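Using the numbering used here, count along the sequence shown one by one with no gaps and you end on 399. Heads up, the beta-carbon is just placed ideally off N, CA and C, and yes, glycines get one too. Owing to the predicted nature of the structure, the values given are computational and were not obtained by experimental measurement. Inspection log for the structure reproduced underneath, given as C-alpha cells.
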Amino acid sequence: DYWQVGPVRKGSLAWCDRPPASYGNGLIEDAPDLRSSAFARENPDHTNIAAGQGRNTPDLVSRQPGETASLVVKVTTPWIIAGLQNDLTTFDDNTDAAVVSGLFWRPDSAGANRIFVSRDAGRTWIKVWENRYLGAVPFRVDLTRWTEGEYGYWVKFEWLDNKGSGKTGLEKLRLRTWVELSPMALPRLAAGSNTFRLDTAPLRAVYNQSRWDRAQSLPAQKLDNMTAQEQAPYLRPTDSNRPGVLTFSLGTNGAIRELRLSLLARAARGSQGVSALLSLSEDAGANWRELARFSPDPEHTTNHMWFNHVLTGRAIDASRCRLKIEISGGGLEQVIANSLVAAEPAAPTRLRLTHVWHEGDRERTLTQLTPAAPTGYTYEVTAAAGLINDEVRIEGVAQ
1 DYWQVGPVRK
11 GSLAWCDRPP
21 ASYGNGLIED
31 APDLRSSAFA
41 RENPDHTNIA
51 AGQGRNTPDL
61 VSRQPGETAS
71 LVVKVTTPWI
81 IAGLQNDLTT
91 FDDNTDAAVV
101 SGLFWRPDSA
111 GANRIFVSRD
121 AGRTWIKVWE
131 NRYLGAVPFR
141 VDLTRWTEGE
151 YGYWVKFEWL
161 DNKGSGKTGL
171 EKLRLRTWVE
181 LSPMALPRLA
191 AGSNTFRLDT
201 APLRAVYNQS
211 RWDRAQSLPA
221 QKLDNMTAQE
231 QAPYLRPTDS
241 NRPGVLTFSL
251 GTNGAIRELR
261 LSLLARAARG
271 SQGVSALLSL
281 SEDAGANWRE
291 LARFSPDPEH
301 TTNHMWFNHV
311 LTGRAIDASR
321 CRLKIEISGG
331 GLEQVIANSL
341 VAAEPAAPTR
351 LRLTHVWHEG
361 DRERTLTQLT
371 PAAPTGYTYE
381 VTAAAGLIND
391 EVRIEGVAQ
C-alpha cells in the first residue's frame, strides 16, 4: 500500500506528516534588483550593459548603442529539476520546471530582444524567445523541455539599441525553478520545543553540466577508441577487443571539496561482462591514479546499470583536474560529474529562514533573520501537538 498511503513506519527515516514521504518538491525563486550592485557582482558574465536611469527606463539598458548587450544568469541547484506532469502518457508535455519572465523594452523596430538557454554551461545556446512587438513587452518562457532532468541551466538575455534611444533593455526579471528533493534532508517541526542550529561556509554546490549524453558532450572531451552510436549503448568502443577511453575536465575553476561521478553503462550482451575503470589526474593529464573499478553484481539481471563514486575529504584544483573512464564489454549512455566548489560570496548575504506549518486550521509561521556570519546560530520554535509541516523557506538577502 506504499503508493496509496505512504510509509507506515512512524519514527523511521521515511516518515513525514503526509504521504508520500519518499520525495517532495522545492521551488527556487530568483527575483533580483537588476539595478543593484549586488546583482552586478553576483552575475559578472555580462557585456555592454548599464543600469537604467529614470522612471521611464528599463532596469538594464545598453552602455553603447549599436552594440549587442548581453547578460547571462546561471541557475545551479543540488537537486534535479522536475516539471509538472500533465498527460501521463505523453512524455514531452511537462511544464513549469523552469520559467523565466519579465519585461523587455523595444521602442522601435531597429531594436531587438532575445532569450537563449544553455544546459551545457554556455558551450551551446538555443534561442527560445524573440520579441516581435514594440513597447514594454511582457514575456513568460517555459524552459522545461531544455532543463528538466538537469541540475542547472544558464539563461542569456540579449538586446540591441541601434538608434541609441536608451530605452531598449530588460526589467522585472523573475526565474522560478522546481526541483525534486527528499523531505528527509530538510528540518521539520515536532510537537513541543524545537531547537535548530545553522552552520554555513563560503561554499556553493556547482553542477557544471559535465555530462555526456546524446547530443551533449563533456568539457575538454577526448575519445580514444570510442564512437557515438544511434542505438544503445550510445558511446561504445570502436574496436571491442580493447577498452574505449573517455577523458574530460570538469569545466570549472576553484578548489573542489567533493566530486561525484555517475555513469550509466550497458552490457554488450546479457547483464554481465561490462566493466569500467575510473582514474583521476591532478596535473592536467600528465599522471593518473586509479579511483575505482566497476562491474555488475553477479545477481544483476538487466543489461544497464549505474556506477557511482564520491571523492571527498580533500581539496582538488579544478583547473588541473581530469577524469578518465575506460569501458570494456559494453558502452556508456550517460556520464555525469558534479562538484562542490569553494567560492567566496560575491556579495555579503544574510539568510532569512521561515517555517510554515498548520495547527488544525490555523496557519503559523516563524521567521528568523540570521546574523551576517551565522555559523553556530541557534533558534527555537514551539509547536503544538498534531501539527502539519508545510514549508521551509530559505532566502538569501544581499546586503
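Inset, instruction - Tell me whether E42 sits in a helix, a strand or coil according to DSSP, three-state version. - result: Locating residue 42 in the sequence shown gives position 42, where the first residue counts as 1. Residue state, collapsed to three classes: helix.
Inset, instruction - Please name the residue or residues paired with W212 in a DSSP beta bridge. - result: In the sequence shown, counting from the first residue as 1, residue 212 sits at position 212. Paired residue(s): V335.
Legend entry - Where S328 sits in the DSSP three-state scheme: Looking up residue 328 in the sequence shown gives position 328. Correct three-state label for S328: strand.
Inset, instruction - Between the Cα of R106 and those of S118, V137, A97, spot the shortest distance and give me the residue it belongs to. - result: In the sequence shown, the residue the question calls residue 106 occupies position 106. It is V137 whose Cα lies nearest to the Cα of R106.
Inset, instruction - Under 8 angstroms Cβ to Cβ from D239, same chain only, skipping five residues before and after it: list those, please. - result: Taking the first residue of the sequence shown as position 1, residue 239 is located at position 239. Same-chain partners within the cutoff: N225.
Inset, instruction - Less than 8 angstroms between the CB atoms is what I'm expecting for D199 and A255, so what's the real figure, rounded? - result: Position 199 of the sequence shown, counting from 1, holds the residue named residue 199. Position 255 of the sequence shown, counting from 1, holds the residue named residue 255. Actually they do not touch by this definition, with Cβ atoms about 19 angstroms apart.
Legend entry - When V274, G396, G270, S279 are compared against T301, the one with the closest alpha-carbon: Within the sequence shown, the letter at position 301 stands for residue 301. Residue G270 is the option with its Cα nearest to T301.
Inset, instruction - Assign R266 to buried or exposed, taking buried as 16 or more other Cβ atoms, counted over all protein chains shown, within 10 Å of its Cβ. - result: Locating residue 266 in the sequence shown gives position 266, where the first residue counts as 1. R266 counts as buried, since no fewer than 16 other beta carbons sit within 10 angstroms of its beta carbon.
Inset, instruction - Would you tell me roughly how many angstroms separate the C-alpha atoms of R399 and A343, rounded to the nearest one? - result: For the purposes of this step, residue 399 is taken as the residue at position 399 of the sequence shown. For the purposes of this step, residue 343 is taken as the residue at position 343 of the sequence shown. Note that residue 399 corresponds to Gln in the displayed sequence, not to Arg. So the alpha carbons of these two residues sit roughly 18 angstroms apart.
Legend entry - Those residues which DSSP pairs with H358 across a bridge: As a working note, residue 358 is residue 358 in the sequence shown. BP columns for H358 point to E363, I388.
Legend entry - Simplified DSSP state of A185, which is helix, strand or coil: Residue mapping note: residue 185 aligns to position 185 of the sequence shown, counting from 1. The three-state secondary structure of A185, taken from DSSP, is helix.
Legend entry - Check whether L323 and L280 have beta carbons under 8 angstroms apart: Counting from one through the sequence shown, the residue named residue 323 turns up at place 323. Counting from one through the sequence shown, the residue named residue 280 turns up at place 280. Yes, the Cβ-Cβ distance between L323 and L280 is below 8 angstroms.
Inset, instruction - Taking 8 angstroms as the cut-off, decide whether the C-beta atoms of F248 and Q221 are in contact. - result: Here residue 248 refers to the residue found at position 248 of the sequence shown. Here residue 221 refers to the residue found at position 221 of the sequence shown. A contact, by the Cβ cut-off of 8 angstroms.
Legend entry - With 16 other Cβ atoms within 10 Å as the buried cut-off, status of S12: On the sequence shown, position 12 is the one that residue 12 refers to. For S12, the predicted model reports a pLDDT of 47, less than 50, meaning its position is unreliable; a value from the coordinates is still stated below. Classification of S12: exposed, given that the 10 Å Cβ count is below 16.
Legend entry - Secondary structure of R145, DSSP reduced to three states: Stepping through the sequence shown from its first residue, residue 145 is reached at position 145. Three-state result, R145: helix.
Legend entry - First and last residue of the uninterrupted beta strand (DSSP E) at D30: As a first step, residue 30 must be located in the sequence shown, where it is residue number 30. From DSSP, the beta strand (DSSP E) with D30 extends over 24–30.
Inset, instruction - Go ahead and pull the three-state DSSP assignment for R293. - result: Position 293 of the sequence shown, counted from the first residue, corresponds to residue 293. Taken through DSSP and simplified to helix, strand or coil, R293 comes out as strand.
Legend entry - A347 to L71 span [Cα, whole Å]: By one-based count along the sequence shown, residue 347 stands at place 347. By one-based count along the sequence shown, residue 71 stands at place 71. Using only the alpha carbons, I get a separation of about 18 angstroms.
Legend entry - Span separating the alpha-carbon of I388 from that of L340: Counted from its first residue, the sequence shown places residue 388 at position 388. Counted from its first residue, the sequence shown places residue 340 at position 340. Between I388 and L340, the C-alpha separation is close to 33 angstroms.
Legend entry - The beta strand (DSSP E) enclosing A255, as first and last residue numbers: For the purposes of this step, residue 255 is identified with residue 255 of the sequence shown, where counting begins at 1. Segment 255–267, the beta strand (DSSP E) holding A255.
Legend entry - Reduced DSSP secondary structure (H/G/I, E/B, other) of R35: Within the sequence shown, numbered from 1, the residue matching residue 35 stands at position 35. R35: coil per DSSP, three-state reduction.
Inset, instruction - Please say whether G273 and G330 have beta carbons closer to each other than 8 angstroms? - result: The residue given as residue 330 occupies position 330 in the sequence shown. The residue given as residue 273 occupies position 273 in the sequence shown. Result yes, Cβ atoms of G330 and G273 sit closer than 8 angstroms.
Inset, instruction - Would you list, in sequence order, the uninterrupted alpha helix (DSSP H) runs of no fewer than 4 residues that lie entirely inside the segment 89–122? - result: none
Inset, instruction - Would you kindly check if the distance between the Cβ of L261 and the Cβ of L246 is under 8 angstroms? - result: As a position in the sequence shown, residue 246 is number 246, starting the count at 1. As a position in the sequence shown, residue 261 is number 261, starting the count at 1. Contact: no.
Legend entry - Reference I28, options Q53, R55, K74, T57, closest by Cα: Looking up residue 28 in the sequence shown gives position 28. Checking every option, the nearest Cα to that of I28 belongs to K74.
Legend entry - Residues near A50 in its chain [Cβ-Cβ closer than 8 angstroms; skip 5 each side]: As a first step, residue 50 must be located in the sequence shown, where it is residue number 50. The residues are L60, V61, S62, R63.
Legend entry - Expected contact under 8 angstroms - CB spacing of G24 and P183 to nearest Å: Counting from one through the sequence shown, the residue named residue 24 turns up at place 24. Counting from one through the sequence shown, the residue named residue 183 turns up at place 183. Contact between G24 and P183 holds: CB atoms are separated by about 4 angstroms, below the 8 angstroms threshold.
Inset, instruction - Kindly indicate which residue of P371, G360, L369, Q368 has the alpha-carbon position closest to the one of A383. - result: Here residue 383 corresponds to residue number 383 of the sequence shown, with the count starting at 1. With distances taken between Cα atoms, A383 lies closest to G360.
Inset, instruction - For the segment 167–181 and the segment 79–87, state whether three or more C-beta atom pairs, one from each stretch, are separated by less than 8 angstroms. - result: The segment 167–181 vs the segment 79–87: in contact.
Inset, instruction - Since I believe I327 is in contact with P237 (beta carbons under 8 angstroms), could you give me their beta-carbon distance rounded to a whole number of angstroms? - result: As a position in the sequence shown, residue 237 is number 237, starting the count at 1. As a position in the sequence shown, residue 327 is number 327, starting the count at 1. Going by Cβ atoms, the distance from P237 to I327 rounds to 7 angstroms, so yes, they are a contact pair.
Legend entry - Where S279 sits in the DSSP three-state scheme: Your numbering for residue 279 matches position 279 in the sequence shown. DSSP places S279 in strand when its eight states are reduced to three.
Legend entry - Beta-carbon gap between L170 and F104 smaller than 8 angstroms: Counted from its first residue, the sequence shown places residue 170 at position 170. Counted from its first residue, the sequence shown places residue 104 at position 104. Against a cut-off of 8 angstroms, the Cβ pair of F104 and L170 comes out as a contact.
Legend entry - Distance between D45 and G386 (C-alpha atoms, nearest Å): For the purposes of this step, residue 386 is taken as the residue at position 386 of the sequence shown. For the purposes of this step, residue 45 is taken as the residue at position 45 of the sequence shown. Spanning the two alpha carbons is a distance of roughly 49 angstroms.
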